[in-house]
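**Q** Quick one: the structure is below, and I'll ask about it shortly.
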Amino acid sequence: MGRWERALDAAGVHTPELRADYSRQRRQVVRYKREVAVAAGLLLPPAMVPHVMAAAAFMHRTDDLLDSGPLADRRAASARWEREVAESLAAGRTDHPELRPLLHSIDAHPVLHDRVLDYLRAAASDLDFTGFATEDDYQRYVDGYSLPGFMVVAALLGPEDQTAYRAACRTYIDAGQRLDFVNDLAEDLADGRLTIPEQTLKEHGVARADLEQARDLSAVRSLIDALLDRVDLTLAEGRAVVGLVPEEHRPMVRCIIAVDELTSRAARADRGALLRRSASPGKLAALRLLGREYVRARRLRR
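Written out as structure tokens, the structure reads:
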């Protein structure tokens, strides 16, 4: 019996249909975020892994609906999906193969119920995203979209009382979202999205056209350095979240934060290229990180 089959058993997933549903969603997560699937399988207690896969697959499905096709079609698809999920949660049952694992995971971890609804309500707001005028606009985006999305999976890893934990997650995801926006500048600009506040551009004397045309100017480099400085400072503060999760979940949470730290370093080392492509952590550094946390996770399970 393989690691995944043992995880399904540990999570109480026994019927062939439900095991097939979870396995299909795990494959979806592997295609979408292979590193997340691998890390979860190695670092989390087996009983938690299928539930994390279900939560991540739900987020991916929701994001797909928001990102695919003309705006009117995306808006209609998002509304149908929100209605279908809400009705399934209210009934406590569904025939939808994409939702059966989610409902089973909610039965096992009721905290997930409200986090799913929070994210559904927040997700549609991203359809109207046009950029940020000020830093305050960015912070409202973190509260209104980024944090509800992160909490779908993070709620599963947190303590029973999640008040302080949610606040720490908010600090972390402020850094994580800003890092994503800096690292994905080229891709976002190609899609017509500017994710750096206009106020911040003006403070550094950078025009949108400078970014769109990938001009390697000292002002652009200074802007990117300042954004990454803020990422690093907030990531350091966000590390407080590690001490708030159950001990058996800490290897996974440390790994998530450390990957962002490696990504920030990679972006800073190649900041002149960020306007053409994203930066990624070195494979050797990422493998060392995963190996270190895997050893810690095994010690905890002995």
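Heads up: the sequence shown begins at -18 in our numbering, then just goes up one per residue. Using N, Cα and C, we set each Cβ at its ideal position, and we do this for glycine too.
#1: Please go through the region 172 to 234 and give each complete alpha helix (DSSP H) segment of 4 or more residues, from N-terminal end onward.
#2: Let's see if you can read the secondary structure: which residues bound the alpha helix (DSSP H) around Met132?
#3: List, from N- to C-terminal side, the alpha helix (DSSP H) runs of 4 residues or more that fit wholly inside the region 6 to 35.
#4: CB Ala136 to CB Thr43, shorter than 8 Å?
#5: Hey, is the region -1 to 15 in contact with the region 54 to 63, meaning 3+ C-beta pairs nearer than 8 Å?
#6: Since Leu25 and Cys236 are thought to touch, with beta carbons under 8 Å apart, how far apart are those beta carbons, to the nearest angstrom?
#7: Can you tell me the Cα-Cα spacing of Asp117 and Gly173, whole angstroms?
#8: In angstroms, rounded to a whole number, what distance separates the CA positions of Asp213 and Asn164?
#9: How about Leu83 and Ala35: are their beta carbons less than 8 Å apart?
#10: Might you give, ordered along the chain, the residues of its own chain that have their beta carbon closer than 6 Å to the beta carbon of Glu229, omitting 5 neighbours on each side?
#11: When the Cβ atoms of the region 202 to 216 are set against those of the region 247 to 266, are three or more pairs found closer than 8 Å?
#12: May I have the straight-line CA-CA distance separating Gly186 from Ala200, to the nearest angstrom?
#13: Return the CA-CA distance between Leu166 and Arg211, expressed in angstroms with no decimal places.
#14: Using CA coordinates, which residue listed in Ala156, Ala239, Ala260 and Val240 is at the minimum distance from Arg215?
#15: Near Ala188, what residues of its chain come up, given a Cβ to Cβ distance below 8 Å and the 5 sequence neighbours on each side ignored?
#16: How close, in whole Å, do the beta carbons of Ala221 and Ala149 come, if the pair is a contact with beta carbons under 8 Å?
#17: One question on the structure: do His90 and His(-5) come within less than 8 Å of each other, judged by their Cβ atoms?
#18: Is it buried or exposed for Ser49, if we count other Cβ within 10 angstroms and need 16 for buried?
#19: Would Pro140 pass as a contact of Val226 if the rule is Cβ separation under 8 Å?
#20: If you draw a straight line from the C-alpha of Gly112 to the C-alpha of Tyr119, how long is it?
#21: Tell me whether Gly50 sits in a helix, a strand or coil according to DSSP, three-state version.
#22: Give the C-beta separation of Leu70 and Leu98 to the nearest angstrom, bearing in mind that I take them to be a contact with Cβ-Cβ under 8 Å.
#23: Would you say Ile87 faces chain C, with C-beta separation under 8 Å as the test?
**A** Answer, in terms of the structure:
#1: 179 to 184, 189 to 193 and 199 to 219
#2: Leu128 to Leu138 is the extent of the alpha helix (DSSP H) around Met132.
#3: 15 to 24
#4: In this structure, Thr43 does not lie closer than 8 Å to Ala136 by Cβ.
#5: no
#6: Contact flag wrong, Cβ pair sits at about 10 Å.
#7: Their backbone Cα atoms lie some 21 Å apart in a straight line.
#8: 13 Å
#9: yes
#10: Pro26 and Leu281
#11: yes
#12: 6 Å
#13: Counting only the Cα atoms, Arg211 lies some 16 Å from Leu166.
#14: Here the sequence assigns Thr to residue 215, which means Arg is not the residue at that position. Measuring from the Cα of Thr215, the nearest candidate turns out to be Ala156.
#15: In the same chain as Ala188, and ignoring 5 residues on each side of it, the C-beta atoms closer than 8 Å to its own belong to Leu182, in chain order.
#16: 5 Å
#17: no
#18: exposed
#19: yes
#20: 8 Å
#21: Note: Gly50 maps to coil in three-state DSSP.
#22: 7 Å
#23: Absent from the structure is chain C; it holds one protein chain and no more.
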